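In what follows, a structure is listed as structure tokens, so that the remarks can point back to it.
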Amino acid sequence: MNILAVFARRKIALFGLAVIGVMLAFAIFAPLIATMDPQEMNPVDKLTPPNGIYLFGTDNFGRDIFSRVVYGARASLLGSTGVILFSMTLGVLTGVVAGYFRRVEPWLMRLVDVLMAFPPLLLALVLVSILGRGMINVIVAVGATYLTRTTRIVYGLTLKVREEAYVEAAVSSGTRVRDIILRHLLPNMMSPIIVQATFTFAFSLLDMAALDFLGLGIPPSIPSWGNMLSEGRMYITRAPWLLTFPGMCIVLTVLAFNLAGDVLRDRLDPHFRSRIEGV
Amino acid sequence: MIAYICRRFLSMIPSLFLASVIVFSFIHFIPGDPAQVMLGDQATPERVQQLRESMGLDRPLYVQYAKWIGGVLRGDMGQSIFFHKPVLDVIADRAETSLLIAVFSMILIIVVGVPIGILSAVRCNSRLDQLFSGASMFFASIPTFWLGLNLMLLFAVTLKWLPTSGFPSIVESGDWSNLRYLVLPCITLAAPNSALIIRLTRSSMLDVARADYVKTAWAKGLSEGSVTMRHIFRNSLISVVSALGFTFVALLAGTVVTETVFSLPGVGRLVVESLLRRDYPTIQGVILIVAFVYMLVNLLVDLSFAILDPRIRYS
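Spelled out as structure tokens, the structure:
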């Protein structure tokens with residue numbers, strides 16, 4: 001059964017896919033979907049509750065919340081995509097190196113273990129404070145915290161796969177190390193890496209929103225869901241809609257990626273698959 | 280067992296050394312002159328030079344590290360740039376709030392997360408299991424600050440059942456009723472973590488439930504309660520305890536967001552304030568302590584395995 005069929009069979013997973021589709025559409029087609037300029041201020045209409053003109057209401061500057069939520073998807077999803085690319089690329093590389101080359105393993109893995117002793121959010125906060133605010137710096141800071149987890153997972157997988165007979169056969173037939181890694185190791189580790197990437201996407205979205213909320217994330221001039229919540233908390237009693245809509249977008253997106261991750265794990269991990277299908 | 284404890288304790292030393300080097304180097308990754316960055320653009324050159332000399336920033340790196348780590352080992356983590364007090368005193372002033380939040384949240388997580396996880400596993404694929412699984416997935420996807428703000432809006436602002444923010448010290452006032460200030464922060468912090476523990480307890484119990492000795496226990500005609508608690512739950516405890524250990528450290532870090540939402544005078548808020556004020560000696564102190572606690576919890580979790588699982592024997 002292919003992955004799409006598995007998604008189609010599980011209604012809740014289909015819901016997750018639909019949410020991801022909507023959020024991606026928001027991010028890609030933001031100028032077409034947004035009803036107004038997200039930065040346009042209308043002081044006369046400030047803190048207007050949701051109505052026919054302002055679907056999600058307005059903020060304290062009279063900016064349209066719906067348009068900002070739509071554009072916010074762009075910043076938030078772009079940030080998490082950046083975290084995935086950064087942490088997965090470097091994490092897979094260091095994990096494979098540590099698992100395959102025994103000489104560097106003790107040093108590299110000891111360093112990874114020590115880095116894992118720092119709670120991710122704290123580490124990300126310190127890194128942002130050192131690097132400065134900005135989309136790239138936030139991606140690097142949050143990505144660095146997930147890098148160690150990816151390294152650990154890929155290291156474990158490499159240790160397992162390198163003992164397989166086909167890898168030993170490739171080694172004994174004189175295949176180059178680069179080819180062994182690219183043709184034999186990596187293709188056989190892709191399933192758990194994809195699952196890990198899905199969960200990393202979800203959790204990095206939460207971390208980036210937390211950084212925005214604490215005032216140490218993406219600059220406030222860029223509309224992101226976390227920034228909108230950070231600004232909206234001042235008006236929690238007067239205009240609760242400032243919190244409702246960006247907050248719901250974060251919850252729905254994280255939930256959707258967690259659901260997708262669960263389905264992918266069920267399908268791609270033989271251990272889970274056997275439990276589901278009774279194999 | 281005592282030899283194992285000593286060995287594990289000694290193995291922490293290289294990790295602690297490496298952690299201290301990383302924490303020490305934070306300050307040197309700052310682009311430009313760290314003393315200038317910490318004091319800001321308005322600082323006079325004399326003040327910058329004074330700080331540079333007092334922190335030893337004008338000396339070679341290894342001398343700086345030796346001075347700093349020597350101080351740390353004697354309980355001196357340097358002076359806070361903002362509070363003009365020893366870092367350890369600044370942290371100690373804020374420790375009460377964070378420790379109370381972490382401990383009460385942990386109790387909440389164990390009391391709520393573990394039993395629901397067990398129930399979910401026992402009633403696997405039932406409507407109850409689906410309800411708990413859905414709810415735990417939902418709570419694991421909620422940003423803590425958003426949950427905190429919504430709880431504040433409902434229970435503090437609208438219903439007025441609980442205070443909105445702040446926390447008067449119990450140690451100073453002796454008034455235990457001040458704990459009501461921590462109800463919402465603890466629920467905020469516990470909810471997503473309970474969700475993760477529910478999922479983990481459920482999945483590790485389902486893993487153990489397929490083992491041969493569990494099938495034998497059923498075949499012997501043992502009661503459901505006995506099989507569940509004595510055979511399945513006890514053997515799945517290793518993963519659960521391991522996750523609870525990591526959760527405790529995650530709670531310490533989670534206080535950063537929760538204490539900011541509820542304006543609580545804790546170590547988490549101290550981190551944010553210090554980062555915004557570029558008070559790096561304070562940040563270094565907090566992070567080093569958190570890393571030490573993480574390693575200590577890790578050690579305790581490892582040691583607990585020997586008690587929980589009779590198959591594990593340490594000589």
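Taken in sequence, the protein lines are chains B and F.
Position 194 of the first sequence, counting from 1, maps to 194 under this note's numbering, and the rest follow consecutively.
Whatever position you read off the second sequence (first residue = 1), add 279 for this note's numbering.
Idealized CB from N, CA, C, for every residue including glycine.
Note that the structure is a prediction, hence the values are computed from the model and not measured.
Open item on the list: For the ligand NAD, is there any heavy atom lying closer than 6 Å to the beta carbon of TYR54 (chain B)?
Closed with: Ligands are entirely absent from the displayed structure, and the ligand NAD is therefore not among its contents.
- [ ] Return yes when the Cβ of PRO120 (chain B) is within less than 7 Å of the Cβ of THR145 (chain B), no when it is not.
- [x] Contact flag set, yes.
Task: Contact check, PHE418 (chain F) vs SER399 (chain F), beta carbons under 7 Å - done: Going by C-beta atoms, PHE418 (chain F) is not nearer than 7 Å to SER399 (chain F).
TODO: Kindly give me the distance between the Cβ atoms of PHE66 (chain B) and LEU55 (chain B), rounded to whole angstroms, as I take these residues to be in contact under 8 Å.
DONE: Indeed they touch by this definition, with Cβ atoms about 4 Å apart.
Task: GLY91 (chain B) and THR158 (chain B) closer than 7 Å at C-beta - done: Cβ atoms of GLY91 (chain B) and THR158 (chain B): not closer than 7 Å.
Open item on the list: Here's a check: name, in chain order, each residue in its chain whose Cβ is nearer than 7 Å to the Cβ of MET109 (chain B), leaving out the five neighbours to either side.
Closed with: Counting only residues of its own chain and dropping the five nearest sequence neighbours on each side, MET109 (chain B) has a CB closer than 7 Å to the CB of ALA98 and TYR155.
TODO: On the DSSP bridge assignment, give the partners of PRO365 (chain F) in chain order.
DONE: F:GLN358, per the DSSP bridge assignment.
Task: Within 7 Å, strictly: CB atoms of SER359 (chain F) and VAL369 (chain F) - done: A Cβ-Cβ contact shorter than 7 Å links SER359 (chain F) with VAL369 (chain F).
TODO: Pick helix, strand or coil for ASN253 (chain B), following the three-state DSSP scheme.
DONE: Inspection of the sequence shows that residue 253 (chain B) is occupied by Thr rather than by Asn. It is helical.
Task: Contact under 7 Å by Cβ, PRO43 (chain B) with TYR71 (chain B) - done: Between PRO43 (chain B) and TYR71 (chain B), the CB-CB gap reaches or exceeds 7 Å.
Task: Nearest-angstrom beta carbon gap, LEU259 (chain B) and ALA27 (chain B) [assumed within contact, 8 Å] - done: Actually they do not touch by this definition, with Cβ atoms about 19 Å apart.
Task: Candidates F:ALA529, F:MET356, F:VAL551 and F:PHE527: closest to GLU538 (chain F) by CA position - done: Comparing Cα positions, the closest option is F:VAL551.
Task: 7 Å Cβ cutoff, PHE66 (chain B) in contact with chain F - done: By this cut-off, PHE66 (chain B) is not an interface position.
Task: Selected residue, minimal CA-CA separation from LEU211 (chain B), among B:LEU125, B:LEU131, B:PRO220 and B:GLY134 - done: It is B:LEU125.
Open item on the list: So GLY134 (chain B) contacts chain F; which residues on that side make the cut at Cβ distance below 7 Å?
Closed with: In chain order: nothing, as chain F lies at least about 13 Å away.
Task: Other residues of its chain near THR376 (chain F): CB distance less than 6 Å, five sequence neighbours each side excluded - done: PHE446, LEU543, PRO544 and GLY545.
Open item on the list: Taking the alpha carbon of ARG513 (chain F) as the reference point, which residue from F:VAL393, F:LEU530 and F:LEU458 has its own alpha carbon closest?
Closed with: Ranking F:VAL393, F:LEU530 and F:LEU458 by CA distance to the CA of ARG513 (chain F) puts F:VAL393 first.
Task: PRO219 (chain B) to LEU229 (chain B) span [Cα, whole Å] - done: Near 13 Å, if we compare the C-alpha coordinates of LEU229 (chain B) and PRO219 (chain B).
Task: ILE276 (chain B) versus ILE292 (chain F) - alpha carbon distance - done: At ILE276 (chain B), the pLDDT of 42 sits below 50, so the modelled position is not reliable and the matter cannot be decided from this model.
Task: the segment 316–325 of chain F / the segment 520–531 of chain F touching (three or more Cβ pairs under 8 Å) - done: Touching, no.
TODO: Taking ILE194 (chain B) as the reference, give the member of B:HIS184, B:ARG103, B:LEU268 and B:GLU168 with the closest Cα.
DONE: When each option's Cα is compared against that of ILE194 (chain B), the closest is B:LEU268.
Task: Beta bridge counterpart(s) of THR58 (chain B) as assigned by DSSP - done: By DSSP's assignment, THR58 (chain B) forms a beta bridge with B:ASP64.
- [ ] Could you tell me which chain F residues have their CB closer than 9 Å to the CB of ALA210 (chain B), listed as they occur along the chain?
- [x] Within chain F, the residues near ALA210 (chain B) are PRO422, THR423, PHE424, VAL535 and VAL536.
Task: TRP225 (chain B), DSSP secondary structure in three states - done: TRP225 (chain B): helix per DSSP, three-state reduction.
- [ ] Could you give the DSSP three-state label for PHE29 (chain B): helix, strand or coil?
- [x] In the structure shown, PHE29 (chain B) sits in coil (DSSP, three-state: anything other than H, G, I, E or B).
Open item on the list: Here's the rule I'm using: 16 or more other beta-carbon atoms within 10 Å means buried, otherwise exposed. How should THR89 (chain B) be labelled?
Closed with: So THR89 (chain B) ends up on the exposed side.
- [ ] For the alpha helix (DSSP H) holding HIS307 (chain F), just list the boundary residues, first then last.
- [x] Per DSSP, HIS307 (chain F) belongs to the alpha helix (DSSP H) from 281–308.
- [ ] Provide the residue span of the alpha helix (DSSP H) that contains VAL536 (chain F), from first to last.
- [x] Run containing VAL536 (chain F): 513–540, per the alpha helix (DSSP H) assignment.
- [ ] Just tell me which of B:SER173, B:ILE153, B:PRO192 and B:ARG68 has its CA closest to the CA of MET264 (chain B).
- [x] The displayed chain sequence assigns Leu, not Met, to residue 264 (chain B). Nearest C-alpha to LEU264 (chain B): B:PRO192.
Task: Pair within 7 Å by beta-carbon distance, ARG557 (chain F) and MET317 (chain F) - done: Cβ atoms of ARG557 (chain F) and MET317 (chain F): closer than 7 Å.
Task: the segment 566–583 of chain F contacting the segment 237–250 of chain B, beta-carbon criterion three pairs below 8 Å - done: Contact between the segment 566–583 of chain F and the segment 237–250 of chain B is absent, because fewer than three Cβ pairs lie under 8 Å.
- [ ] Taking THR81 (chain B) as the query, report the chain F residues whose CB atoms sit under 7 Å from its CB, ordered along the chain.
- [x] Think of a sphere of 7 Å around the beta carbon of THR81 (chain B): no beta carbon from chain F falls inside it, the nearest being about 18 Å out.
Task: Reduced DSSP secondary structure (H/G/I, E/B, other) of LEU336 (chain F) - done: Coil at LEU336 (chain F), not helix or strand.
Open item on the list: Just to make sure I have the definition right: I need the residues of chain F whose C-beta is within less than 8 Å of the C-beta of LEU147 (chain B). Which are they?
Closed with: For the C-beta of LEU147 (chain B), not a single chain F residue is nearer than 8 Å; the gap to the nearest is close to 14 Å.
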